[in-house]
Amino acid sequence: MINKDLVIIGGGSAGMAAAIGAYDHGIKDILIIERSPFLGGILNQCIHNGFGLTEFKEELTGPEFAYRFIEQVKARNIPFVLDSTVTSINRDKLVVYTNAKEGVVEVQAKAIIMATGCYERSAGAIGIPGDRPAGILTAGQAQLFLNEYGYLCGKRIFILGSGDIGLIMARRLTLEGAKVLGVAEIMPWSNGLNRNMVQCLYDFNIPLYLSHTVSKVVGKERVERIEISQVDAHMKAIPGTEQSFNADTLILSIGLIPNNDLLNSISCTMSRTRGAIVNEHFETDIDGIFSCGNVLHVHDLVDNVVAEAREAGKGAAMYIQGKLPREDQVIACLAGDGVGYVVPQKIVLDESEDSLLFKFRVKAPSKNVFIEYNFNGEVIKRVFKPVIIPSEMEIESLPKNLLKTNQGTLTVSLKAKEA
Amino acid sequence: MAVTELICINCPRGCHLKVDDQLNVSGNFCPRGAAYGKQEVTNPTRTVTSTVRISGAELPLCPVKTAQPIPKGKMSDIMVSINQVFLQAPVHIGDVVISNVCGTGVNVVATRNMEKIS
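The following block contains the structure:
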């Protein structure tokens, strides 16, 4: 068994930034454990540009963004192991990983940061009616095959789900010679950024079918045809609205699920969105175990992931140094009217910063609304928003001096502007 | 009079813009929308990202991009040029893969380090 101050599980953008955050706050004895053969995680297959506008004030591709963090990790001589899978963790922070060279390795850590990202919702999760032939895959799979290994997954492709990965793949597959027949989205609004709607769909005249879903897959060996239908207010297919497409491939971009198997195995408390419940230092309800990046909640921008992960790294450093308060008194943070979730879900209210960041998503697009912070029955802050949409995460700073006590309930909700 | 309809990409508001022959932009909430509308109608540009084949590296493909945005209409020609390139490892970020691609004055450059493997 080896001992480490801090073990970070996952060597993507969150894991690397967390390591840098911890290192820069005085914790040098770190190990990053990465499952794939490279640091950088999913950034390596995201060869499109648009990353780094906040972090580096320039527009980078995924591999370029990853490279800048790999260089920062290497400049600090932070150790990492690749091709290595963590098989278990326990509440005493014993981490077991395995790889082909070292066999099974036990690491006793003082703190752990979970930075394991997400996996994609797959066909089984939504139960599409019809056959189960070859040619149905997730957008991320199609992206990995095409961008890192050079395999085009089909010639006539239909995409279900208008999230950013689906839109990015519509463009990428078109540029590589496939015909993208259309994108169907079950919601009445797109789930992607405007930038991606314009540059990935409109540029290539790819039709978007809002309030539609795939209602049938037909094919014996391979997908031969798919049907889409309009959906009603309860998201049920409306009979008689079927449209047929001669597709050989169906790509799914229908959501990401935090990869929390390890935390679930030790009964960590989870939120409704399947990320861990954390405080403002990103510590879960298990002493010394932290969570950040997409495994905590799905971000739209990697720039926000690395900023969050550095804070989690700092939080883990403070924990190891005995500087994090171990109090029973906490403020519970709740998502109120119109708000889907908030992170953090609890506040310990120590002296380390003057303000804290709230991140949340709204449930539906709204115009001319206030974000209202209600603390123990009193409105302590209101922020006007001309436009607010679910596909863009809101990040708001809340000064700590507005919180007069360290117990109670803080609710974040949307309020319509009075006429 | 021909009017072009666009969706502004500057912010989540996504204003529906109308741009006429005289480059008058309407429907924009802020000045950034007017600038975007004019640019999109007169000279729309895009950054193209793709991959080129490579041998001697750990992976069979090296990701690349146009170092600056190129005229939107040249995207498919540039894809044809990119698909003819075959690199040898090592290749490093920023290495020029195609210079002055399709006469645009813009280089196609590598976006990932691809080290030589023995």
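Chains as they are written, first to last, in our numbering: chain A, 1 to 419; chain B, 420 to 537. All C-beta atoms in this analysis are idealised placements derived from N, C-alpha and C, irrespective of residue type, glycine included. Quick caveat, the model's predicted, so the values are computed rather than measured.
Taking the Cα of I320 of chain A as reference, the smallest distance to any Cα among A:K110, A:D285, A:N246, A:V302 is reached at A:K110. Residue burial annotation: V422 of chain B is exposed, with fewer than 16 other C-beta atoms found within 10 angstroms of its C-beta. With a cutoff of 9 Å on beta-carbon distance, G21 of chain A and G313 of chain A are scored as near each other.
C-alpha of I113 of chain A to C-alpha of I238 of chain A: approximately 46 Å in a straight line. Under the Cβ criterion of 9 Å, P479 of chain B is counted among the residues facing chain A. Contact residues of the stretch 458-470 of chain B toward chain A are R465, T466, T468, S469, T470 (C-beta to C-beta distance below 7 Å). A100 of chain A counts as exposed, since fewer than 16 other beta carbons sit within 10 angstroms of its beta carbon. Contact between the stretch 482-497 of chain B and the stretch 522-537 of chain B is established, with three or more Cβ pairs separated by less than 8 Å. DSSP places D5 of chain A in no alpha helix (DSSP H) but in the uninterrupted beta strand (DSSP E) bounded by 2-9.
Of the candidates A:T405, A:E227, A:N401, A:I388, A:I388 places its Cα closest to the Cα of G433 of chain B.
Of the residues A:F80, A:Q108, A:Y97, the one whose Cα lies closest to the Cα of R91 of chain A is A:Q108.
Using beta-carbon distances, G446 of chain B does not count as an interface residue toward chain A, since no partner is under 9 Å.
For A66 of chain A, the enclosing alpha helix (DSSP H) starts and ends at 62-75. Residue pairing for G315 of chain A: DSSP places it in no beta bridge. Legend: CB atoms of the stretch 499-512 of chain B lying less than 7 Å from CB atoms of chain A belong to residues I512.
Q441 of chain B carries a coil assignment under DSSP once its states are collapsed to helix, strand and coil.
Here the C-alpha atom of N191 of chain A lies approximately 38 Å from the C-alpha atom of R76 of chain A.
When Cβ-Cβ separations below 9 Å define contact, R195 of chain A makes contact with chain B.
Between the alpha carbons of P463 of chain B and L425 of chain B lies a distance of about 12 Å.
With the criterion set as a beta carbon lying under 7 Å from some beta carbon of chain B, the members of the stretch 45-68 of chain A are I47, H48, N49, T61, P63, E64, Y67, in sequence order.
Around S469 of chain B, the same chain offers V483, M498, I501 as residues with beta carbons nearer than 7 Å, after the five sequence neighbours per side are excluded. If you ignore the 5 residues before and after C292 of chain A, its C-beta comes within less than 7 Å of the C-beta of A14, A18, I113, A115, F282, E308, A309, A312, all in its own chain and listed in chain order. The CB of T530 of chain B comes closer than 9 Å to the CB of I47, N49, L60, T61, G62, P63, E64, Y67 in chain A, given here in chain order. Under DSSP, P133 of chain A shares a beta bridge with no residue. G161 of chain A is outside the set of residues whose beta carbon lies under 9 Å from a beta carbon in chain B. Residue burial is scored here from C-beta neighbours: Q345 of chain A has at least 16 other C-beta atoms within 10 angstroms and is therefore classed as buried.
Assigned with DSSP and collapsed to three states, K491 of chain B falls in helix. In the structure shown, the three-state DSSP call for L152 of chain A is coil. Between the alpha carbons of L402 of chain A and R361 of chain A lies a distance of about 22 Å. Under the Cβ criterion of 9 Å, G452 of chain B is not counted among the residues facing chain A. By the CB criterion at 9 Å, I8 of chain A and I32 of chain A fall inside the cutoff.
In this structure, the CA atom of K74 of chain A is about 12 Å from the CA atom of Y23 of chain A. With fewer than 16 other CB atoms across the displayed protein chains lying within 10 angstroms of its CB, R472 of chain B is exposed.
Taking C-alpha positions only, V302 of chain A is separated from F51 of chain A by approximately 7 Å. With respect to the C-alpha of V214 of chain A, the residue from A:T411, A:G62, A:G130 having the closest C-alpha is A:G130. The stretch 405-418 of chain A makes contact with the stretch 324-341 of chain A: 3 or more CB pairs, one atom from each, lie closer than 8 Å.
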